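Positions 106 to 177 (the numbering used here) are the ones given, in order, by the sequence shown.
I have placed the structure first, in the form of structure tokens, so that the comments after it can refer back to it.
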Amino acid sequence: MTLYQPEPVEISTRMRPGEWTESSLEELITSYRAKLMEMGAGPTDVVTEVERDDDGSVSVAVSWNKGAIADA
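Printed below as a string of structure tokens:
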């Protein structure tokens, strides 16, 4: 028996100017999404938020809101 944890799961980071490119940003998002799907999230359950700041930095948050009831 597994204890169901309904809390959302989020993987996030912030990168400063010069620490990322569009290509590396896309790779990072893809890897975060894959990690959440390995945990059981469906592709439509994963939400990606990218915030680009005026100084050239970027914040990335990829989350999975599992909901109150387990699908099992």
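No residue lacks a Cβ here, since even glycine has one placed at the ideal position from N, Cα and C.
The structure displayed is predicted, hence computed values, not measured ones.
Cβ-based neighbour list, Val152, same chain, cut-off 6 Å, excluding 5 preceding and 5 following = Against the sequence shown, residue 152 aligns to sequence position 47. The answer, listed in chain order, is Ser168.
Taking C-alpha atoms, which residue in Glu154, Ala146 and Asp160 lies nearest to Pro111?
-> Looking up residue 111 in the sequence shown gives position 6. Of Glu154, Ala146 and Asp160, the residue nearest in Cα terms is Ala146.
CA-CA distance, Ile116 and Ser128?
-> Taking the sequence shown and counting its residues from 1, the one referred to as residue 116 is at position 11. Taking the sequence shown and counting its residues from 1, the one referred to as residue 128 is at position 23. Rounded to whole angstroms, Ile116 to Ser128 spans 19 Å at the Cα level.
For my contact list, Gly161 and Pro122 are in at a C-beta cut-off of 8 Å; report their separation, rounded to the angstrom.
-> Along the sequence shown, one-based indexing puts residue 161 at 56. Along the sequence shown, one-based indexing puts residue 122 at 17. Sure, about 3 Å apart at Cβ, within 8 Å.
Quick one: residues in its chain with C-beta nearer than 6 Å to the C-beta of Pro148, no 5 flanking neighbours on either side, listed in chain order?
-> Here residue 148 corresponds to residue number 43 of the sequence shown, with the count starting at 1. Excluding residues within five positions, none has a Cβ falling inside 6 Å.
Can you check the stretch 111-173 for any beta strand (DSSP E) of at least 3 residues that lies completely inside it and give the ranges in chain order?
-> Within the stretch 111-173, complete beta strand (DSSP E) segments of at least 3 residues are found at 114-120, 151-157 and 163-169, given in chain order.
Near Ala166, what residues of its chain come up, given a Cβ to Cβ distance below 7 Å and the 5 sequence neighbours on each side ignored?
-> The residue given as residue 166 occupies position 61 in the sequence shown. Around Ala166: Glu115, Ser117 and Glu154.
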